[in-house]
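Protein sequences appear in the order of chains A and B.
Counted the way the numbering used here counts, the first sequence spans residues 1 to 207.
Counted the way the numbering used here counts, the second sequence spans residues 1 to 169.
Comments concern the structure below.
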Amino acid sequence: MSAPADSLLALKQAHPLVTDRPSLDHPALDVPADQVVTVLQSLRDQAGFDFLVDLTAIDQGEGASPRFTVVYHLFSTTHLSYVRVATACPGGDDATAPSVTGLWPGANWHEREAFDMFGIRFTGHPDLRRILMWEGYPHHPLRKEFPLAGIETTLPDLEVVAETGTKVIAAPMAGGPFVASPGEINLTDAEPRAKDESWNERNEKPE
Amino acid sequence: MVSSNSELAYNTKIEGDVVVTRADAVINWIRSNSVWPMPMGLACCAIELMATASSRFDIARFGAEVFRFSPRQADCMIVAGTVTYKMAPHLRRIYDQMAEPKWVIAMGACASSGGMYRSYATLQGVDRIVPVDVYISGCPPRPEALLDALIKLQAKMGTDRSAKRLMTA
Ligand code: SF4
């Protein structure tokens, strides 16, 4: 098996549109969306990156172009190294990306999660349904414009709604989000707490 | 044992072999000392629930060791964990399938109020979909806290007008 640096170089020669992506740790590549499946296939078959560690996505925010980027993390079980492949999805808010379930069956649920959370449609996916939120949920929660507290909507089961009168509400944030403070401070200060405790459900947030 | 035996007014010397009591006291005494929990273990709190059920803390001392995963055979749902909106309707359906009389313990911060999950995915307190009898604070509560909640629930069962409810049902 050739060294990863050589195989990545060969890959870039074979695919001139593949460019290096700035990265602090592992080698990373930017690949145009229409080539991503062939590039991933040659990474798998020629360069030995046989394991799809993770598949996730980045949202650059509303109005950005391209808005969504799908990121693949590959690992080689032979020469024990990682490579990261990123591809910008065409089509702003209704982004699409090619499915890689044909290369790694394990991509199936990752792509469903990316679809669920970001609304990216993976063309060629055998069963593109939501995986975490329920069928019929109207939003994609990891999109930048979606508030952490959520948006009021209805529960999945209408019979239970009729029985209980409950709905999905925006969660009371009470000064949150509740985050831990990083760094070398004493544990009491570092405990997860609302960053702004001047307001809560009863006292309005001062403007 | 919560409802003490003195309620049952049994004294062989005076009464002979006859026990004089109130129907409520007998029914509540029986019910509160054989609670069959429905373990609704949804997240980390379920681990403490299991600890409560096993030898070290031994919930059997309070007569509630018969955990039943079938709602038909349970009378106290212990909601131990984070209830997501996706799970909430199923939880309500399981509650609806439990036979009367039935009780609910909300175990831990998540079940009581959504806990630290102030987010789009988490039901902000299980009392939004089922009536809760006892809330337990803690994240997770210690097994002793769950036992305490069970004792509180037994005390609450002791005040029930069971006989009247049975007659009028
Ligand atoms: S209250 Fe804490 S321990 Fe219990 S389910 Fe919630 S996060 Fe887990």
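Each residue gets a CB set at the ideal place from its N, CA and C atoms; glycine is no exception.
Scanning its chain for C-beta atoms nearer than 6 Å, with the 5 sequence neighbours on each side dropped, one finds no residue around B:D148. Non-local beta-carbon contacts of A:R121 in its own chain, meaning distances under 8 Å to residues more than five positions away in sequence, involve D94, A95, T96, A97, F115 and L128 in chain order. Going by beta carbons, B:I94 and B:P37 fall outside the 7 Å limit. Rounded to whole angstroms, the Cβ separation of B:V26 and B:C76 is 19 Å, and the two are not in contact under 8 Å. Any heavy atom of ligand 1 within less than 6 Å of a residue's beta carbon puts that residue on the list, which reads B:A43, B:C44, B:C45, B:G81, B:T82, B:G108, B:A109, B:C110, B:G115, B:C139 and B:P140. Membership of B:Y95 in the alpha helix (DSSP H) is indicated by the continuous run A88 to Q97.
Following the DSSP letters along the chain, one finds B:G41 inside the beta strand (DSSP E) bounded by residues P37 to G41.
For A:T38, the closest of A:S65, A:V85, A:R67 and A:P22 by C-alpha to C-alpha distance is A:V85. Non-local C-beta neighbours of B:G138 in its own chain, meaning closer than 8 Å and more than five positions away in sequence, comprise G108, A109 and A145, ordered along the chain. In the DSSP annotation of this structure, the continuous segment of the beta strand (DSSP E) that includes A:A88 starts and ends at Y82 to A88. The way I'd put it, the segment 142 to 161 of chain A does touch the segment 78 to 89 of chain B; three or more beta-carbon pairs between them come closer than 8 Å. Put simply, the CB of A:W134 is near chain B, with a gap under 7 Å to one of its CB atoms. In this structure, A:T101 keeps its C-beta atom at 7 Å or more from the C-beta atom of A:A33.
Neighbours of B:I94 in chain A, taken as residues at a C-beta separation under 8 Å, are lacking, since the least C-beta distance is about 11 Å. Distance between A:H15 and A:H140, taken at the CA atoms: about 34 Å.
Annotated three-state conformation of B:V79 is strand, per DSSP. Distance from the CA of B:T84 to the CA of B:G114, rounded to the nearest whole angstrom, comes to 9 Å.
Put simply, the backbone Cα of B:G158 is about 20 Å away from that of B:M98.
Boundaries of the alpha helix (DSSP H) around A:P4: P4 to A14. When CB distances to chain A are screened at a threshold of 9 Å, the residues of the segment 115 to 142 of chain B falling below it are M116, Y117, R118, S119, Y120, A121, T122, L123, Q124, R128, I129 and V130, in chain order.
A:T56 is bridged by DSSP to A:V71.
Here A:D25 is exposed, its C-beta having fewer than 16 other C-beta atoms within 10 Å. Contact of A:M117 with chain B is not assigned, every C-beta pair being separated by 7 Å or more. In this structure, the beta-carbon distance from A:A57 to A:F118 falls below 7 Å. For the options B:V104, B:V66 and B:P71, the alpha carbon positioned closest to that of B:L153 is the one of B:V104. Among the residues of chain B, those whose CB is under 7 Å from the CB of A:T166 are R128 and I129, following chain order.
With a beta-carbon spacing of about 5 Å, B:A51 and B:P143 fall inside the 8 Å limit used to define contacts.
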